[in-house]
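K.L.:
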Amino acid sequence: MKELLNGPAFGIILIIIAFVLVGVIYNRIAKKYYSVCPKCGEKFKASPMELIFTFHVFYSFYLKCPQCGKRSLIKQIEEK
Numbered sequence: 001m002k003e004l005l006n007g008p009a010f011g012i013i014l015i016i017i018a019f020v021l022v023g024v025i026y027n028r029i030a031k032k033y034y035s036v037c038p039k040c041g042e043k044f045k046a047s048p049m050e051l052i053f054t055f056h057v058f059y060s061f062y063l064k065c066p067q068c069g070k071r072s073l074i075k076q077i078e079e080k
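Anchor point for the sequence shown: position 21 equals 21 in our numbering, and the numbering is continuous, going up by one each time.
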C-alpha cells in the first residue's frame with residue numbers, strides 16, 4: 001500500500017479524479033443553466049464540453065450562438 005502512495009500511479013489517480021470532478025461540475029452547470037445570445041436574443045443550452053474547453057470568467061462563457069453564428073461572452077442564466 002505504501003508503494004502505491006509514493007509511486008507515479010498515485011499522481012495519475014489524482015489527475016483522473018480531478019477530471020471526473022470537473023466533468024461532473026460542468027455537467028450540472030450545463031443542465032441547470034441556459035444562455036441568451038446578446039446579438040440575436042436566441043435562448044440555447046451549451047454542452048458540457050463547450051463549457052469546459054472555452055474561455056470563461058465565472059458564469060460567463062465565450063460561446064458561439066447556434067442561430068446567428070456570432071461568438072461572444074455570454075452569461076449563463078439559471079433555469080427556474
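All C-beta atoms in this analysis are idealised placements derived from N, C-alpha and C, irrespective of residue type, glycine included.
Indicate the three-state DSSP secondary structure (helix, strand or coil) for Y26 in the structure shown.
P.N.:
Your numbering for residue 26 matches position 26 in the sequence shown. Correct three-state label for Y26: helix.
K.L.:
Specify the secondary structure class of F10 as computed by DSSP and reduced to three states.
P.N.:
In the sequence shown, counting from the first residue as 1, residue 10 sits at position 10. Helix, per DSSP.
K.L.:
In chain order, what residues of the same chain have a beta carbon less than 7 Å from the beta carbon of A46, not counting five sequence neighbours either side?
P.N.:
Here residue 46 corresponds to residue number 46 of the sequence shown, with the count starting at 1. A30, S35, F61 and L63, listed in sequence order.
K.L.:
Counting only beta-carbon separations shorter than 8 Å, does E42 have a partner in chain D?
P.N.:
This model lacks chain D altogether, as it is built from one protein chain only.
K.L.:
Which residue from I13, P66 and M49 puts its Cα closest to that of K39?
P.N.:
Reading the sequence shown from its first residue, position 39 is the one you call residue 39. Nearest of I13, P66 and M49 to K39, Cα basis: P66.
K.L.:
Helix, strand or coil, according to DSSP, for K64 in the structure here?
P.N.:
Residue mapping note: residue 64 aligns to position 64 of the sequence shown, counting from 1. Strand at K64.
K.L.:
Can you list, in chain order, the residues of its chain whose CB lies under 8 Å from that of I77, leaving out five sequence neighbours each side?
P.N.:
Here residue 77 corresponds to residue number 77 of the sequence shown, with the count starting at 1. Result list for I77: Y33, Y34, S35 and V36, in chain order.
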